[in-house]
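Count the sequence shown with my numbering and you get residues 1 to 186, in order.
Written below as structure tokens is the structure these notes are about.
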Amino acid sequence: LETTDVYIGGQDGVHTYRIPCLVTTKKGTLLAICDARIPKYGDAPNKIHQVVKRSADLGRTWSPMKTIVGFPGMQAAADPSVLADPVTGRVWVFYLYCPEGIGAHNSEPGFTERSTRSQVVWSDDDGLTWSKPYDISRQTKPAGWRDSWCGPGRGIRTRDGLLVVPFSGFENAERRTSHVIVSSDQ
């Protein structure tokens with residue numbers, strides 16, 4: 001059994017790598033996606049980017065790290081959930097966007113500049129290039145909830161074509177939730 005360290009804390013200017021996701025694309029490429037927690041270990045508020053490394057040889061070798069989503073300052077793109085669609089080939093990365101100074105525990109209800117938001121990016125070329133971030137918060141978080149975030153983990157495509165992604169949330173300070181989001185139209 002061979003082992004390979006894909007991400008090592010302290011390398012590439014990143015303090016800590018967390019919340020890893022590993023998926024195989026329709027073409028057989030392995031994508032290792034995770035949080036790059038740049039200045040420190042903890043959750044947001046923190047400078048966190050979503051990064052990827054690719055392997056075309058079943059994990060024997062890996063590409064250099066590439067940033068999928070990164071915002072300026074201490075904004076965060078955190079806690080990925082990945083879905084590799086085996087039919088269309090599209091790879092989705094869902095994550096939590098946190099404005100500067102905001103995290104799950106101090107997010108306000110709604111969709112203001114003091115609220116966390118759910119976003120997604122996708123790749124149609126096995127993780128070589130990625131779309132711009134797309135905000136899905138109004139579809140994934142009731143306006144009265146304080147926070148709603150994906151996974152972390154992996155989503156699936158069901159046999160009948162539904163995309164299903166795990167989510168969690170804070171309805172308020174006392175009530176947490178676990179739920180899924182489902183899309184029937186890709």
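C-beta: ideal position from N, C-alpha, C; glycine also.
- Remark: C-beta atoms of Gln119 and Tyr95 approach each other more closely than 8 Å.
- Beta-bridge pairing by DSSP links Lys53 to Ala32.
- Around the beta carbon of Pro99, 16 or more other beta carbons sit within 10 angstroms, so the residue counts as buried.
- The C-beta distance from Cys34 to Pro80 rounds to 7 Å, short enough to fall under 8 Å.
- Residue range Ser137 to Thr140 is occupied by the alpha helix (DSSP H) that includes Ser137.
- DSSP lists no bridge partner for Lys40.
- Restricting attention to Ser148, Tyr97 and Leu22, the CA atom closest to the CA of Ser55 is found in Leu22.
- In the three-state reduction of the DSSP assignment, Gln119 falls in the strand class.
- About 13 Å separates the beta carbon of Arg114 from that of Ser137, a gap too long to meet the 8 Å contact definition.
- Relative to Cys150, the option among Arg159, Thr140, Ile102 and Lys47 whose CA is nearest is Thr140.
- With contacts defined by Cβ atoms closer than 8 Å, Arg154 and Trp122 do not form a contacting pair.
- If you draw a 10 Å sphere on the C-beta of Pro152, you find 16 or more other C-beta atoms in it, and that means buried.
- Going by beta carbons, Ile38 and Val52 fall outside the 8 Å limit.
- Of Thr88, Pro109 and Val82, the smallest CA-CA separation from Phe167 is found for Val82.
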